[in-house]
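Sequences listed follow chains F and W, in order.
Under this note's numbering, the first residue of the first sequence carries the number 8, and numbering increases by one thereafter.
Under this note's numbering, the first residue of the second sequence carries the number 2, and numbering increases by one thereafter.
We put the CB at the ideal spot given by N, CA and C, even for glycine.
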Amino acid sequence: MITTEPTLENIYNLISEIPDPEIPVITIKDLGILRDVKFVDNKYVVTITPTYTACPAMGMIEDQIKEILFSNGITNVKVELTYSPTWTTDWLSQEAKLKLKKYGIAPPNHSSCTKLFSTIDVVVCPRCNSKHTELISRFGSTACKALYKCEDCKETFDLFKCH
Amino acid sequence: MNIQEATHTYTLRLGDNALILGHRLSELCSKGPILEEDLALTNISLDMIGRAQALLKYAAETEMLGKTEDDLAYRRPENHYYNNLIIEQPNGDFAHIIARQLFVSVFEFLFYTELEKSKDTTLAAIASKTIKEIKYHMQHAADWTLRLGDGTVESHKRMQKAVNDLWMYTGEFFEMDNLDTFLLHQHIAVDTNSLKLEWHKYIKTALNDATLNVPEDSFMQTGSKKGIHTENLGHILSEMQYLQRAYPDAKW
Numbered sequence: 008m009i010t011t012e013p014t015l016e017n018i019y020n021l022i023s024e025i026p027d028p029e030i031p032v033i034t035i036k037d038l039g040i041l042r043d044v045k046f047v048d049n050k051y052v053v054t055i056t057p058t059y060t061a062c063p064a065m066g067m068i069e070d071q072i073k074e075i076l077f078s079n080g081i082t083n084v085k086v087e088l089t090y091s092p093t094w095t096t097d098w099l100s101q102e103a104k105l106k107l108k109k110y111g112i113a114p115p116n117h118s119s120c121t122k123l124f125s126t127i128d129v130v131v132c133p134r135c136n137s138k139h140t141e142l143i144s145r146f147g148s149t150a151c152k153a154l155y156k157c158e159d160c161k162e163t164f165d166l167f168k169c170h
Numbered sequence: 002m003n004i005q006e007a008t009h010t011y012t013l014r015l016g017d018n019a020l021i022l023g024h025r026l027s028e029l030c031s032k033g034p035i036l037e038e039d040l041a042l043t044n045i046s047l048d049m050i051g052r053a054q055a056l057l058k059y060a061a062e063t064e065m066l067g068k069t070e071d072d073l074a075y076r077r078p079e080n081h082y083y084n085n086l087i088i089e090q091p092n093g094d095f096a097h098i099i100a101r102q103l104f105v106s107v108f109e110f111l112f113y114t115e116l117e118k119s120k121d122t123t124l125a126a127i128a129s130k131t132i133k134e135i136k137y138h139m140q141h142a143a144d145w146t147l148r149l150g151d152g153t154v155e156s157h158k159r160m161q162k163a164v165n166d167l168w169m170y171t172g173e174f175f176e177m178d179n180l181d182t183f184l185l186h187q188h189i190a191v192d193t194n195s196l197k198l199e200w201h202k203y204i205k206t207a208l209n210d211a212t213l214n215v216p217e218d219s220f221m222q223t224g225s226k227k228g229i230h231t232e233n234l235g236h237i238l239s240e241m242q243y244l245q246r247a248y249p250d251a252k253w
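As structure tokens, then:
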């Protein structure tokens, strides 16, 4: 048990290091999933937002937030889901993008680049930095990724889609 | 009719469209023509089910009977379902799946772009979330329409047949009943009638690029806004609701 009341900053710091269940090299803070911590009606209310509407990791993230806070003696916790403002890959920090690349996932260039009926602009291979890459499928291993192939090193890789 | 009741029914209709199409596409899991396509169709299905969850949750809240989104999905009979008839049509061959995706996703793109401006902040938030996903669905459908239409003699023939077969279900997209008009005046609903020209323009471009013909408008099927369905919906629900019907309140 802790003796003094935790500050909102304490809470935020405790949960900000939770890794994303699908991409464990980046945290929920890096990804922009963790939005806010507030104290309302004697409860710590943690607000999270899904990357995609049906992101199956949300339930697990909620459990992990509660687990970490409970094990630190904080039990008056509520996790809320919000859709607004809409999650965008613009919220990924430069550091998070580098971590993605190192992990083998091509990071998104910038947001709102998916114009209607057009292909995504140049994607750089996260392994050999070649620009000669080809789209295999707009849909990859998870909703937030697309599948690419590098024409130079011949490896397939995931692109974290602009969103 | 008050705003809250009307919003409940309006949201339920949107949720049903997402849920039933999500289920239809999930039937293709492990049955895609190639591995990448299997991933694509199940990803689209997942987007639909996510949207359904958000909408049905709001429909349950606005009904104020203490129900959950699962109650609405698993405990309603078919005549209390309000998805458009095109949504529940059997998958058929790959051409039919793609034609349905093209017609539906172009409509949804235009519809949710307008719903983003709704005075109802929950609907507007769900709309701006879902619109990003719909763009992928549209690109996917347009890519395949082109590939099949402008492909082999056989794929062209099948794609044209699919377009012709499903055309009579597209009139429902643009129907406005009293409830829609009431909520339109409250700046909550979308005027779907006004989307018709734009939808035709998109579809004409996509079909003509793929060397396919746009069918002539003739008899259009109708009924879903009143809960009248083709025989296909009952078959979907008997499978989708089986577990909750056989073992009420069963949990994972």
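query	result
8 angstroms Cβ cutoff, W/T131 in contact with chain F	yes
Status (buried if at least 16 other CB within 10 Å, exposed otherwise) for F/I18	buried
Close Cβ partners of F/T96 (< 6 angstroms) along its chain, the five nearest in sequence each way excluded	P115, S118, C169 and H170
Under 9 angstroms by beta carbon: chain F residues contacting W/L40	S144, F146, G147, S148 and L154
Cβ separation of F/G111 and F/P133, assumed to be a contact under 8 angstroms, to the nearest whole Å	5 angstroms
Chain-ordered residues of the stretch 51-62 of chain F with a beta carbon less than 8 angstroms from chain W	P57, Y59, T60, A61 and C62
Euclidean distance between Cα positions of F/Y51 and F/E16	11 angstroms
Buried versus exposed, by CB contacts within 10 Å (16 or more), W/R94	Before going on, a small fix: residue 94 of chain W reads as Asp here, not Arg. Exposed, since its Cβ has fewer than 16 Cβ neighbours within 10 Å.
First through last residue of the alpha helix (DSSP H) which encompasses W/S106	F95 to L116
F/P57 classed as buried or exposed, judged by whether at least 16 other C-beta atoms fall within 10 angstroms	buried
is_contact[W/N44, chain F] using C-beta, thresh 8 angstroms	yes
For F/A153, the three-state DSSP class (helix, strand or coil)	strand
contact_flag[the stretch 14-24 of chain W, the stretch 157-168 of chain F] where n(CB pairs < 8 angstroms) is 3 or more	no
For F/D43, the three-state DSSP class (helix, strand or coil)	strand
Residue span of the beta strand (DSSP E) that contains F/D85, given as start and end	According to the sequence shown, residue 85 of chain F is Lys rather than Asp. Its beta strand (DSSP E) spans residues V84 to L88.
Cβ of W/D48 within 8 angstroms of any chain F Cβ	yes
Where the alpha helix (DSSP H) through W/V154 begins and ends	V154 to W168
Distance cut-off 7 angstroms: W/S106 Cβ against heavy atoms of the ligand ATP	For the structure depicted, the ligand ATP is absent and the ligand set is empty, with no information on it obtainable.
Continuous beta strand (DSSP E) stretch holding F/F167: start and end	T163 to F167
Residues sharing a beta bridge with F/I112, DSSP	F/D165
W/E134 at chain F interface by Cβ criterion, 8 angstroms	yes
Buried or exposed by the 16-neighbour rule on C-beta atoms within 10 Å, applied to F/V130	buried
Same chain, Cβ closer than 8 angstroms to F/S23, five either side skipped, listed in chain order	T34, I35, K36 and L41
Burial state of W/M49 (16 or more Cβ within 10 Å)	buried
DSSP state of W/E28 mapped onto helix, strand, coil	coil
Unbroken beta strand (DSSP E) run spanning W/Y243, endpoints	No beta strand (DSSP E) holds W/Y243; the alpha helix (DSSP H) holding it covers Y243 to A247.
Neighbour list for F/T93 in chain W, Cβ cutoff strictly below 9 angstroms	A126, S129, K130, I132 and K133
F/I143 to F/A153 span [Cα, whole Å]	8 angstroms
Inter-stretch contact at 8 angstroms, needing at least 3 Cβ pairs: the stretch 82-90 of chain W / the stretch 120-131 of chain W	no
Proximal residues, the stretch 229-253 of chain W versus chain F, C-beta separation under 7 angstroms	none
Contiguous beta strand (DSSP E) assignments of at least 3 residues, all confined to the stretch 16-90 of chain W	none
For F/E141: DSSP bridge partner residues	F/K156
Nearest residue (CA-CA) to W/K227, options W/M65, W/R246 and W/E79	W/E79
Three-state secondary structure (DSSP) of W/T212	coil
Any chain W beta carbon closer than 8 angstroms to F/Y90	yes
Contained beta strand (DSSP E) runs [length at least 3] in the stretch 20-74 of chain F, N- to C-terminal order	41-47 and 50-55
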